[in-house]
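J.: In the UniProt record's numbering, the protein residues as written are 1 to 619. Cβ atoms here follow ideal geometry from the backbone N, Cα and C, with glycine treated the same way. Nothing here was measured: the structure is a model prediction, and the numbers come from that model. Structure in structure tokens, see below.
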């Protein structure tokens, strides 16, 4: 049994996954409520680090004002030192945080007042110090605004970080729940597997006991039959056949005499009948000859009268039609004259109406054009979506067919694709309204195995063999030499006719040693296959496409009776080797991957297909 090893592997995988999940540190352990050093603050909630902007680490910006030069006079130096000391003292009195707007305005006013006093007291102060102080003030304002922007962005990032933490926690809890559910389902699977193994062991024991009992019963019955047959053999040895032989010889002689008399009587009767028949036929001919002459004359006169009558009727009808046409033309001309007179009277009104209708038609045309453009855009979008979905569906069908082909290949049974309803016991079942192209695409993976050197046979009673051959060759054609052969098998009352359809219906003796055609052009090959298919009636057509390594064989049984179709299934089941068809089926049985594309028309064909589907393929 392979199930315990499978469960061990599952247990090992689950244990390793548990150890990996335990070794990793869950992010929920990093609580946002714990106090940490603001200088070493890190963002670990998303698995990567983010730079933080701590509120306590804001420092005052260093001054970029160069120191005053020493080449000035003492008075100017003293005044500048006093003003600079006052400004520095005012700056030093600013706290570590950023000042508000009112404090900035008040500081600005005090600075301007100090500047006014210093200018009144010191008239010789240079203009460069004033410009430097203004630059310092502007730089301070710009740095303050930049700080506010950074602080607002920092708050937004903190809010987003909190949301991401909550999202992560929710996902982490969901992952824990899913892991618990997986462990629970795995334990249930192990229990179920153990129960199944126990049930199978009990059934094996019961079947073994029943087989032993049946063997004992059959041995007893065999001994009784053997004893009865021996008794009958002894009775037959003691029986005397001499009297029966003499009676048989006497009856044979009597039979010969009776047959000779019967032949004599029959010859006399036949001679009389022939003579009476000849006389009766002569009398009948003499009476019918004048009657036939009169009949022929009367028929000729009748034909002439009928011809004259038809000529007169045609002339009368022509004259009547000409008169009606002239009257209609006169009426139409009168009507047109009246319409023209009315239109000439109402020309201005009709012109205005026509102009209004023209403007309305132009507006409707513009609306229709705009609507058409919108619908065209919607149509293009829908068509692009459809093409994407169609390509996805095609890829999905291709992968599905590859998987199904590999599964059937692993199972190693003869494949049966059935057409009809309530036929789920086969490999595949198609409804009767399923397109033939879809059915052919379903077994193209099997057909493409010929490219790998495998022989493939398709026994079909539903589709035309020409359609399967053409569509299959489209999928397997490569840059190599392909050879096409085609024969037909027609079962007669006494013998079967096997003809080569590529060689003027010449007789065929061997399986594959008959006329061959190299496939150079696909269109030419298609026309030849269709012509061959059109000439077939009630016979089996066998199409063969072969290379140096493999063969593709399509056996078309769609034109023969259902009884003959059932006989083909029986021959494939029995593997007899009497005629040409039986030899071909045995070769297919031992050398090909075989597919039965069948529509079961009788209960016998249904049971035969079920049996074939249960047989292991030798390949």
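If residue 554 sits next to residue 468, beta carbons under 8 Å apart, how far is it from one beta carbon to the other, in whole angstroms?
T.: Indeed they touch by this definition, with Cβ atoms about 5 Å apart.
J.: Using a Cβ-Cβ cutoff of less than 7 Å, which residues in the same chain neighbour residue 501 once the five nearest sequence positions on both sides are dropped?
T.: Hits under 7 Å: 486, 487, 488 and 532.
J.: Restricting to Cα atoms, I'd like to know which of 345, 314, 570 and 407 is closest to residue 608.
T.: When only C-alpha atoms are compared, the closest one is 570.
J.: Please report the distance separating the alpha-carbon of residue 400 from that of residue 183.
T.: Straight-line Cα distance between these residues: approximately 30 Å.
J.: Alpha carbon to alpha carbon, what distance is there between residue 224 and residue 216?
T.: When rounded, the distance between both Cα atoms is 13 Å.
J.: Based on Cα-Cα distance, which residue from 428, 427 and 557 lies nearest to residue 491?
T.: Closest by alpha carbon: 557.
J.: Does DSSP put residue 507 in a helix, a strand or coil?
T.: DSSP places residue 507 in strand when its eight states are reduced to three.
J.: Taking 8 Å as the threshold, find out whether the segment 406-417 comes into contact with the segment 382-396 through three or more Cβ pairs.
T.: No contact exists between the segment 406-417 and the segment 382-396.
J.: Apart from the five residues on each side of it in sequence, which residues of its chain come closer than 7 Å, Cβ to Cβ, to residue 447?
T.: Around residue 447: 456, 472, 475, 476 and 552.
J.: Short of 7 Å in beta carbon distance, which residues of its chain neighbour residue 518, apart from the five on each side in sequence? Order them along the chain.
T.: Only 481 and 483 meet the Cβ criterion.
J.: Between the segment 592-612 and the segment 501-515, are three or more C-beta pairs nearer than 8 Å?
T.: Segments in contact, no.
J.: Does the distance from the CB of residue 565 to the CB of residue 598 come in under 9 Å?
T.: Yes, they are a contact pair.
J.: Assign residue 544 to one of three DSSP states: helix, strand, or coil.
T.: Of the three classes helix, strand and coil, the one that applies to residue 544 here is strand, per DSSP.
J.: What residues in its chain sit with their C-beta under 6 Å from that of residue 459, if we drop five residues either side in the sequence?
T.: Result list for residue 459: 555 and 596, in chain order.
J.: Just verifying my parser: in three-state terms, what is the DSSP assignment at residue 558?
T.: Looking at residue 558 - three-state DSSP - the assignment turns out to be coil, as it is neither helix nor strand.
J.: Do residue 403 and residue 439 have their C-beta atoms within less than 9 Å of each other?
T.: Contact flag unset, no.
J.: Going along the chain, which residues of its own chain have a beta-carbon closer than 7 Å to the beta-carbon of residue 507, five neighbours each way excluded?
T.: So the list reads 498 and 499, once near-sequence residues are dropped.
J.: Can you tell me where the beta strand (DSSP E) with residue 478 in it begins and where it stops?
T.: No beta strand (DSSP E) holds residue 478; DSSP gives it neither H nor E.
J.: Among the residues of its own chain, which have a CB less than 6 Å from the CB of residue 415, if the five just before and after it don't count?
T.: For residue 415, where only same-chain residues beyond five positions count, the Cβ hits under 6 Å are 408, 427 and 595.
J.: Would the beta-carbon of residue 330 be found less than 8 Å away from any heavy atom of the ligand COA?
T.: Questions concerning the ligand COA fall outside what the structure shown contains, since it holds no ligand whatsoever.
J.: Quick check on the burial criterion: 16 or more other C-beta atoms within 10 angstroms. Buried or exposed for residue 593?
T.: Classification of residue 593: buried, given that the 10 Å Cβ count is 16 or more.
J.: How about residue 465 and residue 534: are their beta carbons less than 9 Å apart?
T.: Contact: no.
J.: To the nearest angstrom, how far is the alpha carbon of residue 495 from that of residue 573?
T.: About 22 Å.
J.: Using 9 Å as the threshold, is the C-beta distance between residue 620 and residue 602 below it?
T.: Because residue 620 is not part of the residues shown, which for the chain are 1 to 619, the question remains open.
J.: By the three-class DSSP mapping on this structure, what secondary structure does residue 551 have?
T.: Looking at residue 551 - three-state DSSP - the assignment turns out to be strand.
J.: Indicate the three-state DSSP secondary structure (helix, strand or coil) for residue 274 in the structure shown.
T.: Residue state, collapsed to three classes: helix.
J.: Tell me, please, which residues DSSP counts as bridged to residue 415.
T.: DSSP lists 595 as partners of residue 415.
J.: How many Å lie between residue 405 and residue 395 at the Cα?
T.: Answer to the nearest angstrom: the Cα atoms are 15 Å apart.
J.: Can you grab the Cα-Cα spacing for the pair residue 336 / residue 342, in whole Å?
T.: Each residue's Cα considered, the two are about 10 Å apart.
J.: With a 10 Å radius around its C-beta and 16 neighbouring C-beta atoms as the bar for buried, classify residue 543 as buried or exposed.
T.: Classification of residue 543: buried, given that the 10 Å Cβ count is 16 or more.
J.: Using DSSP bridges, identify the partner residues of residue 445.
T.: Looking at the DSSP assignment, residue 445 forms no beta bridge with any residue, so it has no partner.
J.: At the level of alpha carbons, what is the spacing between residue 365 and residue 350?
T.: Cα-Cα distance, rounded: 22 Å.
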